[in-house]
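In what follows, a structure is listed as structure tokens, so that the remarks can point back to it.
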Amino acid sequence: MKRILRFMLWALLSGVIVASSLKIYYLFDPKMIAVKQAIVGDKGVLDAFGIVNDEDIKVFHILETVDASRAFTRVEYTASLTGSKKGGRVKVLLKKSSTDGAQLGNPTVFELRLRD
């Protein structure tokens, strides 16, 4: 019985360590930083949500799809944010090369959803 409890405690502790290290990784990931800068600097986001700070943006979904030509991969980031006027969700598009994974161009905000 003690062995099972010890194993469960070890599994829980290692899960917490892995989850926290992934969160730290995303804080310093250059693509995440570029996505957040694209959101903060976008005029449409400023008009709809008001002033948005980096700490008010939570990126929670990443969808990668390969283009039909296989020349690049579309990466869509969905982020939840709270601005000085309203809150809501934003989708940001980033294109990267299919061969070496290099970023092609700048991230672009392409969808805004305001929360009531």
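Heads up: the sequence shown runs through residues 850 to 965, numbered per the numbering used here.
A virtual CB, placed ideally from N, CA and C, is assigned to each residue, including glycine.
Discussion item. Applying the 10 Å Cβ sphere with the 16-neighbour rule, what's the burial state of Gly890?
Written reply: For the purposes of this step, residue 890 is taken as the residue at position 41 of the sequence shown. Result: exposed.
Item to complete: Measure the Cβ-Cβ separation of Ile888 and Val958 and say whether it is below 9 Å.
Response: Translated into the one-based positions of the sequence shown, residue 888 becomes position 39. Translated into the one-based positions of the sequence shown, residue 958 becomes position 109. Taking 9 Å as the Cβ cut-off, Ile888 and Val958 qualify as a contacting pair.
Worksheet item: Would DSSP call Gly932 helix, strand or coil?
Response: One-based indexing of the sequence shown puts residue 932 at position 83. The answer is coil: DSSP assigns Gly932 none of H, G, I, E or B.
Discussion item. Quick check on the DSSP output: what are the complete beta strand (DSSP E) runs of length 3 or more inside the stretch 938-962, in order along the chain?
Written reply: none
Worksheet item: What is the rounded straight-line gap between the Cα of Ile866 and the Cα of Arg964?
Response: Taking the first residue of the sequence shown as position 1, residue 866 is located at position 17. Taking the first residue of the sequence shown as position 1, residue 964 is located at position 115. One C-alpha to the other measures close to 33 Å.
Worksheet item: Any idea what DSSP makes of Ile911, helix, strand or coil?
Response: Taking the first residue of the sequence shown as position 1, residue 911 is located at position 62. Strand, per DSSP.
Worksheet item: Count the other CB atoms within 10 Å of the CB of Lys824; is the residue buried (16 or more) or exposed (fewer)?
Response: Limits of the chain in this structure are 850 at one end and 965 at the other, which puts residue 824 out of reach.
Discussion item. Once the 5 residues before and after Gly937 are set aside, which same chain residues still bring their CB inside 8 Å of it?
Written reply: Residue mapping note: residue 937 aligns to position 88 of the sequence shown, counting from 1. Cβ neighbours of Gly937 beyond the five flanking positions: Ala897, Phe898, Ser929, Leu930, Leu961, Arg962, Leu963, Arg964.
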